[in-house]
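Worksheet for the structure shown next.
There are 2 protein chains.
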Amino acid sequence: MYRSKLHQVYAMDLFQLETFLTVAREGSFSRAAKKLFRTQPAVSQMVRKLEDEIGEPLFDRSSRDGILTDAGRVLQDYAQKLLNMRGEALLALDELKQMHKGKLAVAANEFTCLYLLPVLDEFRRLYPMIKVAVQRSLASRISDELLSHNVELGVLTFRPEDPVLKSIVVYRDELAFVVPPRHPLASAQRVRIRQLGAECFVAHNVPSPYRQKVLETFRKRKVPLNMPVELPTIEAIKKFVASGNGVALIPAICVETEVSRGDLVRIPVSELALERKLRLVYRKNASLSHAARAFLKVAETFANQKGGRYLFQPER
Amino acid sequence: MYRSKLHQVYAMDLFQLETFLTVAREGSFSRAAKKLFRTQPAVSQMVRKLEDEIGEPLFDRSSRDGILTDAGRVLQDYAQKLLNMRGEALLALDELKQMHKGKLAVAANEFTCLYLLPVLDEFRRLYPMIKVAVQRSLASRISDELLSHNVELGVLTFRPEDPVLKSIVVYRDELAFVVPPRHPLASAQRVRIRQLGAECFVAHNVPSPYRQKVLETFRKRKVPLNMPVELPTIEAIKKFVASGNGVALIPAICVETEVSRGDLVRIPVSELALERKLRLVYRKNASLSHAARAFLKVAETFANQKGGRYLFQPER
DNA sequence: TGATAATCATAAGCATAGATTATGCTATAA
DNA sequence: TTATAGCATAATCTATGCTTATGATTATCA
Chain L
332 MYRSKLHQVY
342 AMDLFQLETF
352 LTVAREGSFS
362 RAAKKLFRTQ
372 PAVSQMVRKL
382 EDEIGEPLFD
392 RSSRDGILTD
402 AGRVLQDYAQ
412 KLLNMRGEAL
422 LALDELKQMH
432 KGKLAVAANE
442 FTCLYLLPVL
452 DEFRRLYPMI
462 KVAVQRSLAS
472 RISDELLSHN
482 VELGVLTFRP
492 EDPVLKSIVV
502 YRDELAFVVP
512 PRHPLASAQR
522 VRIRQLGAEC
532 FVAHNVPSPY
542 RQKVLETFRK
552 RKVPLNMPVE
562 LPTIEAIKKF
572 VASGNGVALI
582 PAICVETEVS
592 RGDLVRIPVS
602 ELALERKLRL
612 VYRKNASLSH
622 AARAFLKVAE
632 TFANQKGGRY
642 LFQPER
Chain D
332 MYRSKLHQVY
342 AMDLFQLETF
352 LTVAREGSFS
362 RAAKKLFRTQ
372 PAVSQMVRKL
382 EDEIGEPLFD
392 RSSRDGILTD
402 AGRVLQDYAQ
412 KLLNMRGEAL
422 LALDELKQMH
432 KGKLAVAANE
442 FTCLYLLPVL
452 DEFRRLYPMI
462 KVAVQRSLAS
472 RISDELLSHN
482 VELGVLTFRP
492 EDPVLKSIVV
502 YRDELAFVVP
512 PRHPLASAQR
522 VRIRQLGAEC
532 FVAHNVPSPY
542 RQKVLETFRK
552 RKVPLNMPVE
562 LPTIEAIKKF
572 VASGNGVALI
582 PAICVETEVS
592 RGDLVRIPVS
602 ELALERKLRL
612 VYRKNASLSH
622 AARAFLKVAE
632 TFANQKGGRY
642 LFQPER
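If you read the sequences in order, they're chains L and D. Be aware that the first sequence starts at 332, since it is given in this note's numbering, and climbs by one per residue. Be aware that the second sequence starts at 332, since it is given in this note's numbering, and climbs by one per residue.
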């Protein structure tokens with residue numbers, strides 16, 4: 332080893348301490364040497380060097396029995412503590428490797444959270460010791476959260492622009508046209524866009540690429556789109572529609588339970604095939620934590636086992 | 332360094348950890364290198380080796396900003412603790428060293444030196460490596476010597492005025508009335524003050540609170556006090572008296588040997604019970620060196636084991 | 001946009017800490 | 001006394017970790 336004497340103020344590395352402790356425990360240099368799989372002079376030298384660094388003898392050299400000096404006894408305590416602590420550290424790191432510990436921070440918005448729920452369930456089942464923090468962010472903010480290392484994973488419905496970010500399509504969703512149960516269209520098997528001109532649409536007042544698409548589709552067909560009400564949360568929109576005050580286009584994943592319970596009725600709209608693809612997004616090149624890698628794995632098995640809406644298609 | 336790969340199970344020595352911590356703290360390999368007075372490749376290599384040993388990356392190499400992985404964060408905690416503990420150990424050892432190699436400066440005057448001798452003997456026996464410097468100072472100067480950090484301990488016969496100074500009564504002495512062996516009073520069992528009016532007293536020409544007390548006692552009893560001779564040292568006074576030229580009042584501790592040898596005769600004086608209490612004085616609040624603390628300890632054991640004139644009574 | 005600067009990684013070479021073997025010294029046992 | 005055991009010392013060798021030199025990649029700025 333080559334260390335500039337000038338600037339290495341401290342020494343006392345753990346290897347020295349281990350040697351010293353063994354000698355102290357065995358009460359003999361040669362026995363310690365055997366335990367340490369080294370020769371006796373090697374042990375003698377190392378202890379000697381430790382003594383030089385400390386500036387104080389550690390063993391009473393006058394007697395042969397490896398008796399500790401006061402300094403030796405003091406150091407014995409600390410050395411033991413230090414080695415124990417290294418053990419702890421290695422253990423903790425190992426646990427981390429084994430996935431018994433760790434944190435996973437994910438950013439998602441209101442809709443995409445719902446995709447996460449079942450995946451998260453499975454993940455938690457497999458790795459109950461890992462803390463998961465899902466942070467709700469606007470879709471527009473999620474890229475930033477990723478780039479500034481605030482979260483490790485994000486869920487987006489569009490492909491991120493930043494080339495540093497990598498995405499994997501994990502879920503196929505679509506916008507569902509929903510009406511209240513008593514609505515005149517409620518019993519229809521299928522409707523066409525021009526039948527919707529008279530409807531009162533409830534909109535989400537958060538910018539989204541799908542909103543643009545919807546507006547465009549209606550404009551193309553020259554069907555007027557009435558959006559007299561804007562609400563800030565999906566929950567509010569669903570309640571509003573359910574109570575008979577209008578209709579809405581909502582991500583299918585968000586209305587599954589209401590539709591199956593009959594609180595809302597979903598009707599296919601012929602020309603409105605608005606597919607949404609949910610992506611798990613993360614920093615390319617970034618060394619993902621074990622937790623994050625495991626999460627991706629779970630998402631992948633969902634695609635393989637459940638199939639259907641669940642996918643696993645890396646982009647680029 | 333040459334360590335058999337086979338048997339060195341653990342690694343992670345403190346030098347590596349120090350390097351790692353500095354990089355983590357500085358958020359940069361090159362800046363850490365500057366701080367550690369090494370080159371950047373040296374730091375890179377060492378961190379790399381640590382990562383290899385742990386089997387896990389510690390920094391997120393995708394970004395330049397030295398961002399820690401979760402393993403890195405875990406290790407950071409432990410590394411800090413380990414280094415702190417090494418610091419503690421070194422401190423403890425250093426304190427111990429001071430004890431073996433330290434110095435102890437004591438100030439005492441001519442009389443009180445004599446108290447120190449037996450205590451010092453024992454102290455030297457217990458701590459042979461500690462250099463002891465006893466400095467002779469006038470009683471009036473000792474407080475100053477203490478306050479100006481020139482000495483750590485002082486011996487005084489009175490309680491110091493300065494509230495910063497703390498004192499412990501360690502010895503009870505008294506003024507002894509001594510006469511030459513051939514003196515008419517030499518065979519008396521006891522004398523009274525008025526018998527001393529005719530005597531020729533040899534005085535010490537150094538101011539002292541006891542001198543005042545003596546003068547006062549004589550004045551009260553309306554007994555004249557003849558002090559035709561003033562001498563500067565105790566040694567001179569004793570010689571002067573021993574050769575039959577007068578009598579004197581001298582601290583008992585100073586005439587023990589002469590009295591036991593018969594060079595001087597000590598006679599109790601009924602009304603002259605002039606007790607002197609010797610104190611060990613030191614700066615309150617000051618963190619005493621181990622040497623000084625050890626010295627106090629020795630004084631205490633003297634009081635406990637020998638008793639008699641030896642005391643150990645902290646004042647205030 | 002290309003040039004410049006800054007940062008980290010890699011490579012080659014060298015110095016030293018720490019390993020080894022061989023040997024000397026000293027105390028205890030036979 | 002010799003023999004043995006245990007630690008220290010000496011001489012030698014090597015892998016670790018330092019250096020300098022250089023390359024790759026990214027951020028910065030005209």
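The C-beta atom is built at its ideal place from N, Cα and C for all residues, glycine as well. None of the values given here were measured: they were computed from a predicted structure.
Taking only the alpha-carbon atoms, compute the straight-line gap between residue i and residue j and give it to the nearest angstrom.
{"i": "L:Q644", "j": "D:A364", "result": "43 Å"}
{"i": "L:R513", "j": "L:A519", "result": "12 Å"}
{"i": "L:I565", "j": "L:P540", "result": "16 Å"}
{"i": "L:R379", "j": "D:A507", "result": "58 Å"}
{"i": "D:M460", "j": "D:F454", "result": "10 Å"}
{"i": "L:A436", "j": "L:A567", "result": "27 Å"}
{"i": "D:N313", "j": "D:C531", "result": "Within the shown structure, residues of chain D are numbered from 332 to 647, placing residue 313 of chain D beyond reach of any answer."}
{"i": "D:H480", "j": "D:V374", "result": "45 Å"}
{"i": "L:D452", "j": "L:L516", "result": "36 Å"}
{"i": "L:L595", "j": "L:L603", "result": "19 Å"}
{"i": "D:T443", "j": "D:V465", "result": "11 Å"}
{"i": "D:G292", "j": "L:L381", "result": "Since the first residue of chain D shown is 332 and the last is 647, residue 292 of chain D is not available in this structure."}
{"i": "D:V354", "j": "D:G397", "result": "7 Å"}
{"i": "D:P648", "j": "D:A402", "result": "Outside the displayed range of chain D (332 to 647) lies residue 648 of chain D, so it cannot be described from this structure."}
{"i": "D:Q543", "j": "D:R552", "result": "15 Å"}
{"i": "L:F368", "j": "L:F360", "result": "12 Å"}
{"i": "D:V578", "j": "D:R610", "result": "27 Å"}
{"i": "D:Q411", "j": "L:I385", "result": "21 Å"}
{"i": "L:N415", "j": "D:Y458", "result": "34 Å"}
{"i": "L:T370", "j": "L:R392", "result": "19 Å"}
{"i": "D:R550", "j": "D:R456", "result": "47 Å"}
{"i": "L:E561", "j": "L:A534", "result": "5 Å"}
{"i": "L:N635", "j": "L:I598", "result": "29 Å"}
{"i": "D:L337", "j": "L:L448", "result": "Note on D:L337: pLDDT 49, under 50, position unreliable in the model; the coordinate value appears next. Using only the alpha carbons, I get a separation of about 48 Å."}
Can you find a C-beta in chain D that's less than 8 Å from the C-beta of residue i?
{"i": "L:G316", "result": "The first residue shown for chain L is 332 and the last is 647, placing residue 316 of chain L beyond what the model contains."}
{"i": "L:M430", "result": "no"}
{"i": "L:L627", "result": "no"}
{"i": "L:Y502", "result": "no"}
{"i": "L:E387", "result": "yes"}
{"i": "L:L496", "result": "no"}
{"i": "L:L406", "result": "yes"}
Looking at chain L, is there any beta carbon in it that lies within less than 8 Å of the beta carbon of residue i?
{"i": "D:T443", "result": "no"}
{"i": "D:R417", "result": "yes"}
{"i": "D:S479", "result": "no"}
{"i": "D:T370", "result": "no"}
{"i": "D:L364", "result": "Note on identity: in this sequence residue 364 of chain D is Ala, with Leu being the wrong assignment. So, not an interface residue."}
{"i": "D:S359", "result": "no"}
{"i": "D:T400", "result": "yes"}
{"i": "D:D344", "result": "yes"}
{"i": "D:I524", "result": "no"}
{"i": "D:A630", "result": "no"}
{"i": "D:S474", "result": "no"}
{"i": "D:Y409", "result": "yes"}
{"i": "D:L435", "result": "no"}
{"i": "D:A420", "result": "yes"}
Quickly, what does DSSP pair residue i with across the bridge? List them, please.
{"i": "D:V537", "result": "In the DSSP output, where bridge partners are listed per residue, D:V537 has none listed."}
{"i": "L:G485", "result": "L:A438 and L:V612"}
{"i": "D:V522", "result": "D:V600"}
{"i": "L:E561", "result": "L:A534"}
{"i": "L:F508", "result": "L:L580"}
{"i": "L:S498", "result": "L:V612 and L:E646"}
{"i": "L:E606", "result": "L:E505"}
Whole-angstrom Cβ separation of residue i and residue j, contact assumed at under 8 Å?
{"i": "D:P563", "j": "D:N536", "result": "6 Å"}
{"i": "L:V501", "j": "L:V586", "result": "With a Cβ gap of about 20 Å, L:V501 and L:V586 do not count as contacting."}
{"i": "D:R607", "j": "D:D504", "result": "4 Å"}
{"i": "D:L496", "j": "D:S468", "result": "Contact flag wrong, Cβ pair sits at about 14 Å."}
{"i": "D:V612", "j": "D:L477", "result": "6 Å"}
query: With a cut-off of 8 Å, do at least 3 Cβ pairs link the segment 604–624 of chain D to the segment 484–502 of chain D?
result: yes
Inter-stretch contact at 8 Å, needing at least 3 Cβ pairs: the segment 343–360 of chain D / the segment 339–359 of chain L: yes
field: At least 3 beta-carbon pairs within less than 8 Å: the segment 420–427 of chain L vs the segment 399–410 of chain D
entry: yes
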